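Only one structure is covered here, and it is reproduced in the block below.
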Amino acid sequence: MANSRKQFTRLLKFVSEMKRKKYPNSKSFAEVLRQADITENIDIACDARTVQRDIEMLKKQYDAPIAFDAARNGYYLTNQSWSLQVPMSNDFIAYSLLGSRALSEIVPAPLKLTMRSTMETTLASGKSDFLNEGFFETLIIASGLNVMIKTEIFKAIFDAWRGRSTLNIKYCGKDGEKSSRNFEPQIIAFHHGIWYLKGYSLPDRKLRVMAIHRIETVKILPQTFTLDMALLNETQTNGLFVYPKLEGVRLRCDASIAFYLREHQPVKKFKIEPQQNGDLIITLGPAIEHEVIRWILGESGKIEVLSPIELRSKIAASGKKIMEINS
619 MANSRKQFTR
629 LLKFVSEMKR
639 KKYPNSKSFA
649 EVLRQADITE
659 NIDIACDART
669 VQRDIEMLKK
679 QYDAPIAFDA
689 ARNGYYLTNQ
699 SWSLQVPMSN
709 DFIAYSLLGS
719 RALSEIVPAP
729 LKLTMRSTME
739 TTLASGKSDF
749 LNEGFFETLI
759 IASGLNVMIK
769 TEIFKAIFDA
779 WRGRSTLNIK
789 YCGKDGEKSS
799 RNFEPQIIAF
809 HHGIWYLKGY
819 SLPDRKLRVM
829 AIHRIETVKI
839 LPQTFTLDMA
849 LLNETQTNGL
859 FVYPKLEGVR
869 LRCDASIAFY
879 LREHQPVKKF
889 KIEPQQNGDL
899 IITLGPAIEH
909 EVIRWILGES
919 GKIEVLSPIE
929 LRSKIAASGK
939 KIMEINS
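One point on numbering: in the numbering used here, the residue at position 97 of the sequence shown is 715, and numbering is uninterrupted.
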């Protein structure tokens, strides 16, 4: 799998070039990357040998149907319907494209410091020919979205975000109600299979988070805005959404899921108390209630809530409802 921000971005771009029937080869694509570094400060240049290794990775690890056309001296997809699919566990989709501290919730810890150093460069580089609609179309498919986004809308939002330009957005809420507003796009983030836009609605500067797939039309306006570093820092600390958190959640977990809990413990940092029968009692840090409920129900009876009693009651009520409608 791709093991760096730069490599993942190269793979996305190479696939988008083949999708657009540009017939890239290792030498010509290396030149494309070099020019992007010069004109757009993307910091992605490499030599032709590195590009050739990327091509082999696409073939072997991603099963890309790539062939070489001698007449055009370049590579193409023998099946144009093939799409690059990358598990989001790699976390490089958002990182390679956006480079924002606000996305650190989905980025492995060793990359967070690098994100901080690259954010200002990414923001300052302006609109990009390198990151064209073909690139974004490939990105949207590769991220394995739970919903579909129009490529042109995603690119316009990204261009406005990079250029710190205000947007006019026509939006359809989850209740079907439609609205129009001017908006400062402070943060673009990928969260649980969905891309979101976070920023300030104008003129009241009310903080809002909008699902990008619900944006029906978008227009870049001449007005610019200043990046709100306090909002970025707050989002990095507390996540994209601000939900009340439960304290003192203790769970008895069946021995059958003990292995994966131990794998997650170094990152999640919950307390583990091994039991003689192989079960684990874990104590979570401050946790978002609905996320904990979904996890417990998803384990299909392998987790018992020990405390707080209010959470135990909600799990029992949900289980009863599930049993009633599926009996």
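For each residue, glycine too, the CB sits at the ideal point set by N, CA and C. These numbers were taken from a predicted model, which means no experiment stands behind them.
Between the stretch 826 to 842 and the stretch 787 to 796 there are three or more C-beta pairs closer than 8 Å, enough to call the two in contact. Note on ASP665: under 16 other CB atoms within 10 angstroms of its CB, so exposed under the neighbour-count rule. Scanning ILE684, ALA935 and PHE772 for the CA closest to the CA of TYR641 turns up ILE684. When DSSP reads this structure, PRO803 sits in a beta bridge with GLY817. For PRO892, the enclosing beta strand (DSSP E) covers residues 889 to 892. Pairing LEU849 with GLY692, the inter-Cα distance amounts to about 45 Å.
At a cut-off of 3 residues, the continuous stretches assigned as beta strand (DSSP E) that sit fully inside the stretch 841 to 886 are 868 to 871.
Of the candidates ILE927, ILE933, SER634 and SER925, SER634 places its Cα closest to the Cα of THR769. Per the DSSP secondary-structure output, LEU898 pairs in a beta bridge with CYS871 and PRO892. In the DSSP assignment, ARG826 falls within the unbroken beta strand (DSSP E) covering 824 to 829. When beta bridges are read from the DSSP output, TYR693 appears opposite PHE686. TRP813 sits buried, since 16 or more C-beta atoms from the chains shown fall within 10 Å of its C-beta. Just measuring C-alpha positions, the residue of GLN893, GLN841 and PHE626 sitting nearest VAL669 is PHE626.
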